[in-house]
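Residue numbers (my numbering): 130 to 270.
Don't be surprised by glycine CBs; every beta carbon is placed ideally from N, CA and C.
All values reported here derive from a predicted model rather than from experimental measurement.
The structure under discussion appears below in the form of structure tokens.
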């Protein structure tokens, strides 16, 4: 319960953060970008709110970004395109998560992610056209 403890962001050798099905609330700190060895980030089914920090794009070893079933708002950071090893991005909004407005704005192209194999954006408030280069560098086989 409460915000993600600040001490977590000092665990510089952390490779996996699995904190699903808790009652963490508030935003993800911009300090998340300090966890540069992180390969898996699982924070789904919490009560997290606010804008996803641009600093997520500093996690260049990240393979799994699973943040579904929270109450985020704002847009998807363009810095996700920095995550060349990212295989799964899961940002579905939990039904009944009334606190947040939902992720909104245009769908980013994600065209710089050659390892991406799974994308989940259901139940958000994305709008506009699907970019022509959406998933352009994703595996084709």
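Checklist entry - Which term fits residue 173, buried or exposed, when burial requires 16 or more other beta carbons within 10 angstroms of its beta carbon? => result buried
Next on the checklist: Output needed for residue 264: all residues of its chain with C-beta closer than 6 Å, excluding positions within five of it in sequence on either side, in chain order.
Outcome noted: 239
Item to check | Ranges of the beta strand (DSSP E) found wholly within the segment 185-239, counting only runs of at least 3 | outcome: Contiguous beta strand (DSSP E) elements confined to the segment 185-239 occur at 193-195, 200-203, 217-219, 231-235, taking only those with 3 or more residues.
Checklist entry - Would you call the CB atoms of residue 161 and residue 148 closer than 9 Å? => result no
Checklist entry - Between the beta-carbon of residue 217 and the beta-carbon of residue 236, is there less than 9 Å? => result Result no, Cβ atoms of residue 217 and residue 236 do not sit closer than 9 Å.
Checklist entry - By a C-beta neighbour count over all protein chains shown, 10 Å radius and 16 as the cutoff for buried, is residue 175 buried or exposed? => result buried
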